[in-house]
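Engineer: Got a structure for you, written out below as C-alpha cells; questions coming shortly.
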Amino acid sequence: MKYVFLYLSLLLLSCGTDDGQTITMTNLPNTSGLLGQRISLDIAEVNFDSNIQVFFGNEQTSFFIQESGVINILIPRSLDTAQKNIEVIDLNTNETIAVSNFSLLSPSISGYSTDQAIFGEPFEIFGENFDIDIDDIIVEINNESAQILESSYNSITVLLPSFIVESHLNIEVTAQRQIVVDDQLDLLEPILTIPDGTNVFYGEFAVQGIGLNPESLGSVFVDDVEARFYVANDFLVVDIPPGIYDDFTIQELRYEYAGFVTVLDAELSIVENAILVDQNPNVTEHSYVFDQDIYGLGNLNDFDDHLDPIYALFKFETDTEKWERIGDWEFEGIIEFTVFDNIDRIYLQKTPLGSDPVYEWSFIDLNSFEETLIETPVSSTLYNSNVFAFQDGLFVLGGFILTPDDTIDIQNFKLKLNRNTLEWEELPSNALEGFPLPEAQNGGNVFNPRHADGKLFLSQFDSFNPTIIVNADFSVETLNQQVSFIIDNYVIVKSGNILRNLQTGNQIDFNGTVPESIKYVGGEFYYISINEFNYFSNEYLTARFKPGIFNALF
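Given below as C-alpha cells:
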C-alpha cells in the first residue's frame, strides 16, 4: 500500500493536482532516537488534516497527533538499519507531504564495573544508547557470544563466555543496529590456593582457584609434567601424571591459561601406597629384572584388534623411571610365552603370522639384544607345556601336540635345553618328581619365577594354585601360598591383603590389593598393573611403592 502512496505522490508532484496546483513536499529537520521509544515530529507548517500515515522507510509505525501540530511517533523495533527516512503520507491524496532523515542514536562504552573480569561473576558494561530489550542486544567478547543478564539504555550486565583464550578482552556491543568496540578490559590473572588438609588420594588432588576457565581450557603441570585436569565449582581438580615425586611429595603446580602462568608451591603429600611413574609401551606383568633395570616385550600396535601385533624389546631404566625401546629386534605375530632364566636370556615361544599352529622357539640375549632360534622340541605344533628356566637350562614338561587330523595328543615327556649347546635332552621319568604335568582340562602354565637361596619359586598368576619350589638338587616341593616377592633371600608370601615373611613370620596388612608382580630393583619396589590408575584406562602402567612400606616385614 505504501508503494501505491509513493507512486501517486510522485505522479502528483510531476503532474500537479486536478485544479492545476503543484504539490510541494516539506523537508523537516533531521531526527534521532532509540528503538522502542517515541519521538516528536513538528509538522505544523505542513498543510494536512488528521488523515495521515507515518512510515520509517518501508515500515509503517504507530503515531498520534498532538494539538500543537506535532505528531508523536513510535520508533519500531522492526528497523533493520540505523538510518531511515520518516515519511508522512496524506491519505486523502496519497501524497508524501513531509520527510525527515532519521538516525538511531549511536551506542558508546564508557567503562566497566570491574578492572578485571572473572568467569562466573557478572559484570556491567557502562555507556549510552544501549537498549532495555536484551533480545535486541548482542555482546561478543573476543568473538565469543556473551550471556546477557540485564540491560538498560546505560548499562548491560553480562557473563564472560567460557571459550576465552586470551587475557586481553575485546568487547563488541551491537545495539541500536550499530556496533561499538572497546578493548579496555582484561581477564583476572588466576589465583590458586591450597585448602587446609589437602593431600593426594586415589591419584588426584584439588586446589581452590579464582579466575579458572570453566571449560577446563589451558594446561596444568605437576612438577613440570603435563597433567590432565578439570575445573568444577572453583576447584582445579588434577590427576597425577606419571612422574618421579621424590619423597612422595608434589613440589609444584603450574596452571597456564590465556597467556597467564600461575605457579603454586604445593608441597602436597601423596598418601597412597604407590605412585604411577610411567605408561608402559604395552609391556605386561611378564617382565624381568636384569642388571638393575626391568626388561619386557611390548606390542607396538597397542593390542589393537584391528592390527597385527608387532613386538619389540623395551627397558625400564630406574634412573629415569621411564620405558624406552632398545635394539632393533621386532617380531610380527603372537608371543605364546616368555621365560627369563635369571641370567641374561628371555626364552620365547611364538607363532609367526600366517603359520598357525606352527610354533617357533628362540631366546633374546639381554647383553646384545640379539635373537637366536632354538630347535623346536618334539613337534612344531607343541603347545600348553609347563615351562621354566633354572640353573643352566630351560625345562619343558609335557604338553599338547596338534596332530595332522586336528586331534590333540597329550604328551608327558620331560625335556631340558642345555644353555651352552642349545641341544635338547630327555630327562628320566623320575626327574623333577612331583612337578605337575599339563592336564587335559587346563593345559600347561607359564610361571612367575623368583629365586632365593638357590631355589626356584614358581607361582602361577592365579591365587588359587600353590607355589611350586624347585630345589638346587631338582627335588620339588609345594607351598600352599603365593610368593609375592623375594628380597635378600627373604620370601614374602601373600594371602589376601596380608603379606608375611616366610622366614621371620613378620606380617603386615597391605590395606589394598597386592599386585601380582612386585620387583625390587635399584633400591625401590616397582610393579606393573593394568586399570589400577585412572590416568590411563585399559593400559599397562608401572608404579613405584612408597619408601618403607614393607619395612615391618624384615
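Residue numbering for the sequence shown follows the numbering used here, starting at 681 and increasing by one per position.
Backbone N, C-alpha and C fix where the C-beta goes; we use that ideal spot for every residue, glycine too.
These numbers were taken from a predicted model, which means no experiment stands behind them.
Per DSSP, which residues does H848 bridge with? Please list them.
Structural biologist: Here residue 848 corresponds to residue number 168 of the sequence shown, with the count starting at 1. Per DSSP, D866.
Engineer: Just to confirm my understanding: we take K1226, look at its own chain, exclude 5 residues before and 5 after, and list those with CB closer than 7 angstroms. What are they?
Structural biologist: The residue you call residue 1226 lines up with position 546 of the sequence shown. Excluding positions up to five away in sequence, the list reads F928, N953, A954.
Engineer: Thinking C-alpha only, which one of I1166, N1145, H1131, P1146 is nearest V1152?
Structural biologist: Against the sequence shown, residue 1152 aligns to sequence position 472. It should be pointed out that residue 1152 corresponds to Ala in this sequence rather than to Val. It is H1131 whose Cα lies nearest to the Cα of A1152.
Engineer: Quick check for students: name the residue ranges of the beta strand (DSSP E) that lie wholly in the segment 1026–1073, counting only runs of 3 or more.
Structural biologist: 1040–1045, 1051–1054, 1066–1070
Engineer: Return the chain-ordered ranges of every beta strand (DSSP E) run that is complete within the segment 710–770 and spans a minimum of 3 residues.
Structural biologist: Entirely contained in the segment 710–770, the beta strand (DSSP E) runs reaching 3 residues are, in chain order, 711–713, 718–722, 732–736, 739–741, 743–745, 750–754, 763–770.
Engineer: Using a Cβ-Cβ cut-off of 7 angstroms (strictly less than) and excluding sequence neighbours within five positions of R1099, which residues of its own chain qualify?
Structural biologist: Taking the first residue of the sequence shown as position 1, residue 1099 is located at position 419. So the list reads D1072, G1073, once near-sequence residues are dropped.
Engineer: To the nearest angstrom, how far is the alpha carbon of L693 from that of N774?
Structural biologist: Sequence index remark: in the sequence shown, residue 693 carries index 13 (1-based). Sequence index remark: in the sequence shown, residue 774 carries index 94 (1-based). Here L693 scores only 37 on pLDDT, less than 50, and its place in the model should not be relied on; the value that follows carries that caveat. Spanning the two alpha carbons is a distance of roughly 11 angstroms.
Engineer: Could you tell me the alpha carbon to alpha carbon distance between K995 and F1068, rounded to whole angstroms?
Structural biologist: Mapped onto the sequence shown, residue 995 falls at position 315. Mapped onto the sequence shown, residue 1068 falls at position 388. If you take the alpha carbons of K995 and F1068, they lie about 22 angstroms apart.
Engineer: Which of the three DSSP states, helix, strand or coil, is assigned to V918?
Structural biologist: As a working mapping, residue 918 is identified with position 238 in the sequence shown. Strand.
Engineer: My parser needs the alpha helix (DSSP H) runs of 4 or more residues fully inside the segment 1132–1195; what are they?
Structural biologist: none
Engineer: For G1105, tell me which candidate among S1139, P961, I1090, E1055 has the shortest Cα-Cα distance.
Structural biologist: Sequence index remark: in the sequence shown, residue 1105 carries index 425 (1-based). Here residue 1105 is Glu; the residue named in the question, Gly, does not match the sequence. It is E1055 whose Cα lies nearest to the Cα of E1105.
Engineer: Do V674 and I930 have their CB atoms nearer than 9 angstroms?
Structural biologist: The question about residue 674 has no answer here: the residues shown for the chain are numbered 681 through 1234.
Engineer: Give me the Cα-Cα distance between L1062 and A1223, rounded to the nearest whole angstrom.
Structural biologist: Against the sequence shown, residue 1062 aligns to sequence position 382. Against the sequence shown, residue 1223 aligns to sequence position 543. Straight-line Cα distance between these residues: approximately 36 angstroms.
Engineer: Select from V941, E739, N893, I732 the residue whose C-alpha is nearest the C-alpha of G800.
Structural biologist: Translated into positions along the sequence shown, residue 800 becomes position 120. Nearest option by C-alpha distance: N893.
Engineer: Taking Cβ to Cβ, would you say L721 is nearer than 9 angstroms to I789?
Structural biologist: Position 41 of the sequence shown, counted from the first residue, corresponds to residue 721. Position 109 of the sequence shown, counted from the first residue, corresponds to residue 789. Not a contact, by the Cβ cut-off of 9 angstroms.
Engineer: Would you tell me roughly how many angstroms separate the C-alpha atoms of V957 and E1113, rounded to the nearest one?
Structural biologist: Taking the first residue of the sequence shown as position 1, residue 957 is located at position 277. Taking the first residue of the sequence shown as position 1, residue 1113 is located at position 433. Each residue's Cα considered, the two are about 43 angstroms apart.
Engineer: Where does F685 fall in DSSP's three states?
Structural biologist: Looking up residue 685 in the sequence shown gives position 5. In this prediction, F685 scores a pLDDT of 39, lower than 50, which makes its location untrustworthy; the coordinate-derived value is nonetheless stated afterwards. In the structure shown, F685 sits in a helix (DSSP, three-state: H, G or I).
Engineer: Let me see if you follow: with CB-CB separation under 9 angstroms, is L948 close to chain B or not?
Structural biologist: The structure shown contains no chain B; it holds only a single protein chain.
Engineer: If you measure between the beta carbons of P802 and V838, is that distance less than 9 angstroms?
Structural biologist: Numbered from 1 along the sequence shown, position 122 holds the residue referred to as residue 802. Numbered from 1 along the sequence shown, position 158 holds the residue referred to as residue 838. In contact: P802 and V838 (Cβ atoms closer than 9 angstroms).
Engineer: For K1226, report the span of its beta strand (DSSP E) as first-last.
Structural biologist: Your numbering for residue 1226 matches position 546 in the sequence shown. Segment: none, K1226 is in no beta strand (DSSP E) and carries neither H nor E.
Engineer: DSSP three-state label for N707, please.
Structural biologist: By 1-based counting over the sequence shown, the position of residue 707 is 27. It is a strand residue.
Engineer: What is the residue span of the beta strand (DSSP E) that Y882 lies within?
Structural biologist: Counting from one through the sequence shown, the residue named residue 882 turns up at place 202. First-last for Y882: undefined, no H or E at that position.
Engineer: How close, in whole Å, do the beta carbons of G976 and H966 come, if the pair is a contact with beta carbons under 8 angstroms?
Structural biologist: For this step, residue 976 is matched to residue 296 along the sequence shown. For this step, residue 966 is matched to residue 286 along the sequence shown. Confirmed, about 7 angstroms.
Engineer: Buried or exposed: G749, going by 16 or more other Cβ atoms within 10 Å of its Cβ?
Structural biologist: Locating residue 749 in the sequence shown gives position 69, where the first residue counts as 1. When all chains shown are included, G749 counts as exposed.
Engineer: So, I836 versus I777, is the Cβ gap smaller than 9 angstroms?
Structural biologist: Here residue 836 refers to the residue found at position 156 of the sequence shown. Here residue 777 refers to the residue found at position 97 of the sequence shown. No. Outside cutoff.
Engineer: Per DSSP, what kind of secondary structure is D813 in: helix, strand or coil?
Structural biologist: On the sequence shown, position 133 is the one that residue 813 refers to. In the structure shown, the three-state DSSP call for D813 is coil.
Engineer: So which of S780, E1196, G923, N1064 has the shortest CA-CA distance to T1247?
Structural biologist: The structure shown does not extend to residue 1247, since the chain is modelled only from 681 through 1234, so no value can be given for it.
Engineer: Which whole-angstrom value is the C-beta distance of I769 and Q717, which I expect to be below 8 angstroms?
Structural biologist: Mapped onto the sequence shown, residue 769 falls at position 89. Mapped onto the sequence shown, residue 717 falls at position 37. 22 angstroms between Cβ atoms; not a contact.
Engineer: Mind checking whether L867 and G889 have CB atoms under 9 angstroms apart?
Structural biologist: Translated into positions along the sequence shown, residue 867 becomes position 187. Translated into positions along the sequence shown, residue 889 becomes position 209. Taking 9 angstroms as the Cβ cut-off, L867 and G889 do not qualify as a contacting pair.
Engineer: Within the same chain, show all residues whose beta-carbon is closer than 7 angstroms to that of I1023, passing over the 5 residues directly before and after it, in chain order.
Structural biologist: By one-based count along the sequence shown, residue 1023 stands at place 343. If we look at I1023 and ignore the five residues flanking it on each side, it has no Cβ neighbours.
Engineer: Could you tell me the distance, in whole angstroms, from the CA atom of T1184 to the CA atom of G1176?
Structural biologist: For this step, residue 1184 is matched to residue 504 along the sequence shown. For this step, residue 1176 is matched to residue 496 along the sequence shown. When rounded, the distance between both Cα atoms is 19 angstroms.
Engineer: I need the straight-line Cα distance from L829 to I814, nearest angstrom please.
Structural biologist: Numbered from 1 along the sequence shown, position 149 holds the residue referred to as residue 829. Numbered from 1 along the sequence shown, position 134 holds the residue referred to as residue 814. The alpha-carbon atoms of L829 and I814 are separated by roughly 8 angstroms.
Engineer: Taking V779 as part of the beta strand (DSSP E), name the residues at either end of that continuous run.
Structural biologist: As a working note, residue 779 is residue 99 in the sequence shown. Unbroken beta strand (DSSP E) run through V779: 775–784.
Engineer: Identify, in the order they occur along the chain, each residue of the same chain with its Cβ nearer than 6 angstroms to the Cβ of A886, setting aside the five sequence neighbours on each side.
Structural biologist: In the sequence shown, the residue the question calls residue 886 occupies position 206. Once the five neighbours on either side are set aside, the close Cβ partners of A886 are F915, V917.
Engineer: Expressed to the nearest angstrom, what Euclidean distance is found between the alpha-carbon atoms of L708 and F782?
Structural biologist: Start at 1 with the first residue of the sequence shown, and residue 708 comes out as number 28. Start at 1 with the first residue of the sequence shown, and residue 782 comes out as number 102. About 10 angstroms.
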